[in-house]
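Numbering (the working numbering), first residue to last: 7 to 347.
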């Protein structure tokens with residue numbers, strides 16, 4: 007069932023045709039322009055002005071990852087809110103002189119590593135792209151505008167030589183929830199991307215922490231190895247004196263020499279591992295941090311709640327898995343709704 011209404015006016019005839027149908031509302035507006043020099047510019051200008059009335063505004067909430075919203079899939083939800091993903095301030099290049107012989111914490115190193123890591127930038131770009139996909143899905147709720155420029159009716163004497171601007175607009179009225187399910191699917195995918203950002207931040211934080219702890223570990227092992235070498239050298243001197251005096255056999259100096267060489271080879275291996283971790287930290291931070299004093303408190307393990315029962319709904323991997331379930335659920339519903347259209 008449709009309702010048609012036509013109005014004809016001489017000298018600048020204007021036609022308006024409004025069709026109301028069950029599922030779609032299509033409105034056609036024809037504006038004749040006599041001897042227009044640039045009809046395409048008028049068309050694009052009119053189209054852009056009308057599109058601003060129907061274009062949905064992008065939502066910037068994807069930049070904030072709220073643990074309270076992400077972890078609401080179980081009975082125990084955490085009220086902890088994480089800060090805005092991606093710092094609004096520009097990344098500062100930390101010169102080595104500012105960190106020379108200073109006491110810094112693990113948090114300082116993690117902040118620098120997260121800011122300069124290219125994988126974080128990639129995941130944030132993917133997150134922004136997924137937020138744009140939500141806007142694309144929401145576009146199904148808004149009118150769709152199309153149009154073009156045609157020549158006038160050559161069979162009618164009064165319309166010859168005219169340019170007719172045609173603009174069409176269609177509005178979806180009801181589609182059994184197909185557009186809504188598509189929007190919900192894209193929103194669930196956005197949660198997955200937010201969780202992926204948190205996973206990447208956790209991975210970088212773990213990498214930085216393990217690297218700094220291993221650096222301090224091998225620094226202490228090297229000090230112990232030097233003390234061992236000094237002790238073995240004293241034993242070797244005593245063995246040489248006893249052998250030269252005829253108190254002991256010549257096998258004792260040889261055995262002491264082998265012990266000394268073993269301790270020296272262990273020192274070289276530990277120095278090599280220390281250099282590897284220092285170079286890896288240089289890659290993570292972007293500057294030489296060999297002279298930085300890293301402050302790790304004695305109650306570091308206590309503050310980490312290592313022996314506290316974990317809350318699985320706050321683990322980023324679990325959040326991503328739960329969001330994946332929601333994506334598959336709404337995708338299945340979306341495919342079922344296709345049968346009604």
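We put the beta carbon where it would ideally sit given N, CA and C, even for glycine.
On a predicted model such as this, the values are computed, not experimentally measured, just so you know.
For residue 248, same chain residues with a beta-carbon under 6 Å away, outside a window of 5 residues either side, are 254 in chain order. Assignment of beta-bridge partners to residue 150 by DSSP yields 176. In the three-state reduction of the DSSP assignment, residue 298 falls in the coil class. Of the candidates 297, 287 and 134, the residue whose Cα lies closest to the Cα of residue 215 is 287. A check of alpha carbon separations from residue 232 across 201, 208, 246 and 270 identifies 270 as the nearest.
Contact check for residue 202 and residue 129: beta-carbon distance about 6 Å, within the 8 Å limit, so the pair qualifies. The Cβ neighbour count for residue 168, taken over all protein chains shown within 10 Å, is at least 16; the residue is labelled buried. By the neighbour-count definition (other C-beta atoms within 10 Å, threshold 16), residue 109 is an exposed residue. The C-beta of residue 251 has fewer than 16 other C-beta atoms within 10 Å across all chains shown, which makes the residue exposed. Cβ-Cβ distances below 6 Å link residue 296 to 284 in the same chain, with the five nearest sequence neighbours on each side left out; the list follows chain order.
Per the coordinates, the alpha-carbon of residue 258 lies some 46 Å from the alpha-carbon of residue 213. Within 10 angstroms of the beta-carbon of residue 230 lie fewer than 16 other beta-carbons, which makes it exposed.
Shown here for residue 182: same chain residues with a beta carbon closer than 6 Å to its own, the five before and five after excluded, namely 343 and 346 in chain order. Within the region 123-149, the runs of alpha helix (DSSP H) that reach at least 4 residues and sit entirely inside it are, in chain order, 124-144. Taking a contact to require three or more Cβ pairs closer than 8 Å, the region 325-333 and the region 192-200 qualify as touching. For residue 108, the secondary structure class from DSSP, reduced to helix, strand or coil, is coil. By the Cβ-count criterion, residue 207 is buried, with 16 or more other Cβ atoms from all chains shown falling within 10 Å of its own Cβ. For residue 169, the three-state secondary structure derived from DSSP is strand. Under the DSSP assignment, residue 340 falls in the alpha helix (DSSP H) whose first and last residues are 322-343.
The C-alpha of residue 281 lies about 14 Å from the C-alpha of residue 290. Separation of residue 157 and residue 334 (C-alpha to C-alpha, rounded to the nearest whole angstrom) is 49 Å.
In the structure shown, residue 314 falls within a coil segment according to DSSP collapsed to helix, strand and coil. Looking at the DSSP output, residue 155 shares a beta bridge with 171.
In the structure shown, residue 304 adopts coil according to DSSP, grouped into three states. Distances from the alpha-carbon of residue 125 to those of 224, 210 and 237 put 210 closest. The alpha-carbon separation between residue 119 and residue 111 amounts to approximately 13 Å.
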